[in-house]
Amino acid sequence: MGRHAKPQRSARTKPTGSPRARRAFGSTAGWLGKTAALVVAVVATSVLAGSIPGSGLTASIQGASTERDPYPDARSASPSPTAPAAPARVVKGQVFVPKKSNVAAFRERMLLKGYVQAPPGSTLSTEFVVSSFNVLGAGHTAKGGDRKGFASGDSRIRNAVTLLRSHGVSVAGLQEFQSTQYHTFAAVAGEYGVWPAMTMGQAPVQNSIVWRRSEWEFVEGRTSQIPYFGGRRMPMPHILLRSLESGREVWFANYHNPADAHGPAQRWRDAAASIEAALARELTADGTPMIITGDMNDREEYACRLTGSAPMHSADGAHTEGGSCRLPRQMNVDWIFGSPSISFTGFVTDRSSLVNRTTDHPMVRSTATIAPLVESARCIKGPKRSGLVYCPKD
């Protein structure tokens with residue numbers, strides 16, 4: 223080739239076919255190129271995420287990672303949000319036993335000793351002030367009534383509330399507690415529950431039993447048909463209350479036996495006493511303590527009949543022993559009796575000026591104490607704040 227010869231250019235292949243065919247070919251090639259690029263991008267992304275199903279890429283990548291990772295368990299301990307949690311690590315040759323709580327360990331020790339769990343509060347004594355109080359019915363001091371010189375029933379029942387509070391009375395049996403007096407009582411003494419109140423009409427409310435809501439829970443209430451004037455039967459209440467402190471359940475019955483105001487009524491009082499004694503035997507047969515309050519309109523006759531035929535003794539000392547009836551020196555017609563598991567202290571007959579302005583009866587009250595269901599000296603308390611107590615089975 224000479225010095226001045228022109229360099230040769232590479233041969234350029236000219237497209238063949240018609241111009242229309244060449245344009246179609248170019249369009250198809252462009253589309254294929256874009257599609258190929260998109261597939262490459264998707265594959266690359268999937269490989270990085272290890273999520274091409276059935277491709278083997280996931281397994282190979284994870285396998286490679288596991289081989290390089292000296293702590294694979296630590297890696298699996300933090301699973302992704304979509305992956306299942308890995309099982310806990312198991313160290314060969316070691317057994318991990320969860321540590322028992324103090325309460326569980328205590329329970330196990332007691333069961334091995336043959337002890338049983340005592341009911342809540344069963345090692346606690348139950349102590350409360352109980353009263354019997356004839357509040358003089360409103361009808362006696364209303365216009366045309368037979369008790370002159372007294373204030374209205376509404377005013378006097380307010381005095382009665384003051385007396386209940388000042389004596390710290392927890393449970394009281396009221397007599398001659400008429401409907402108008404009940405409504406005033408309910409309005410000014412909301413701390414006391416009342417039964418039967420007006421739930422059964424005008425007659426039963428007169429012998430209602432009241433209790434401090436903060437100390438007792440009402441369980442159930444019933445009535446018995448007791449002979450009153452002329453032998454006419456009147457429904458009189460007995461209720462079961464549960465101590466909120468000790469959990470102990472106690473029966474309370476309240477009666478008003480007939481006076482001689484409408485003719486001799488000793489036969490009806492004797493009949494009433496027999497019914498009341500029979501009920502006391504029935505209700506205490508299972509060991510449940512019982513208290514009886516009431517205006518019995520009798521002294522020796524009632525006390526000896528009741529204590530001689532039922533396991534009862536009075537707060538002021540009346541009881542029957544060896545077939546002999548023992549009586550206190552001074553007796554009222556207003557009584558408080560208790561079953562054998564109840565002891566009484568601090569018996570008071572209140573004839574103060576406030577009582578005398580309120581009613582024509584004294585207010586009697588006493589502190590009653592019921593022994594624990596279980597002797598605490600033989601029991602073992604559980605960990606602090608557990609409230610558990612275990613005692614021997616016998």
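Just so we're on the same page, this note's numbering is the position in the sequence shown counted from 1, plus 222.
Note that the Cβ used here is the ideal one computed from N, Cα and C, for glycine as well.
| query | result |
| --- | --- |
| Cα-Cα separation between Glu-597 and Tyr-477, rounded to whole angstroms | 34 Å |
| Where Pro-457 falls: helix, strand or coil (DSSP) | strand |
| Status (buried if at least 16 other CB within 10 Å, exposed otherwise) for His-484 | exposed |
| Buried/exposed call for Asn-324, threshold 16 Cβ in 10 Å | exposed |
| Where the beta strand (DSSP E) through Asp-376 begins and ends | It is not in any beta strand (DSSP E) - Asp-376 instead sits in the alpha helix (DSSP H) that spans 375-388. |
| For Pro-511, the nearest candidate out of Ala-411, Thr-384, Trp-433 and Ile-592 (CA to CA) | Ile-592 |
| Touching by the beta-carbon criterion (3+ pairs, under 8 Å), the stretch 569-584 and the stretch 449-458 | no |
| Contact under 7 Å by Cβ, Gln-397 with Ala-360 | no |
| Gln-488 in three-state terms, based on DSSP | helix |
| Cβ distance (whole Å) where Ile-690 is taken to contact Pro-459 below 8 Å | This structure leaves residue 690 out entirely; the chain is present only between 223 and 616. |
| Burial state of Asn-578 (16 or more Cβ within 10 Å) | exposed |
| N- and C-terminal bounds of the alpha helix (DSSP H) containing Tyr-524 | 522-531 |
| Neighbourhood of Thr-589 by C-beta distance below 6 Å, restricted to the same chain and skipping five residues each side | Val-351, Thr-567 and Gly-568 |
| Rounded C-alpha distance that separates Ala-411 from His-389 | 14 Å |
| Assumed close pair Ser-536, Thr-348 - CB separation to whole angstroms, cut-off 8 Å | Actually they are not in contact, since the Cβ atoms of Ser-536 and Thr-348 sit about 19 Å apart, beyond 8 Å. |
| For Arg-297, the three-state DSSP class (helix, strand or coil) | Bear in mind that a pLDDT of 42 at Arg-297, under 50, signals an unreliable position, so the model cannot answer this. |
| Three-way DSSP call (helix, strand, coil) for Pro-614 in this model | strand |
| Cα-Cα separation between Leu-333 and Leu-346, rounded to whole angstroms | 22 Å |
| The stretch 605-612 touching the stretch 365-385, judged by at least three CB pairs closer than 8 Å | no |
| Inter-residue CB distance, Leu-385 and Met-585 (contact presumed, cutoff 8 Å) | 6 Å |
| Residue nearest to Trp-433 in terms of C-alpha spacing, selected from Gly-395, Pro-457 and Arg-455 | Gly-395 |
| Option in Asp-517, Arg-435, Ser-401 and Ala-599 with minimal Cα separation from Gly-415 | Arg-435 |
| Counterpart residues of Met-512 in DSSP-defined beta bridges | Trp-473 |
| Among Thr-421, Arg-387, Asp-508 and His-541, nearest to Ser-401 - alpha-carbon criterion | Thr-421 |
| Ile-564 versus Asp-492, Glu-543, Trp-473 and Pro-614, residue with shortest Cα-Cα distance | Trp-473 |
| Whole-angstrom distance between Gly-516 and Ile-379, CA atom to CA atom | 18 Å |
| Cα-Cα separation, Gly-285 to Val-338 | Only weak support is given to the placement of Gly-285: the predicted model assigns it a pLDDT of 41, under 50, and the value that follows is read from those uncertain coordinates. C-alpha separation (whole angstroms): 59 Å. |
| Own chain, CB closer than 8 Å to Pro-550, minus 5 neighbours either side, in chain order | Ser-536, Asp-538, Gly-539 and Ala-540 |
| Distance between Val-391 and Phe-355 (C-alpha atoms, nearest Å) | 11 Å |
| Distance between Met-456 and Pro-486 (C-alpha atoms, nearest Å) | 18 Å |
| Segment limits, beta strand (DSSP E) that includes Ser-353 | 348-356 |
| Beta-ladder partner(s) of His-478, from DSSP | Asp-517 |
| Burial state of Asp-616 (16 or more Cβ within 10 Å) | exposed |
| Three-state secondary structure assigned by DSSP to Leu-505 | helix |
| 6 Å CB neighbourhood of Ala-499 in its chain, flanking five on each side removed | Leu-528, Ser-531 and Ala-532 |
| Own chain residues within Cβ distance below 7 Å of Pro-594, not counting five before or after | Ser-344, Thr-345, Leu-346 and Ser-347 |
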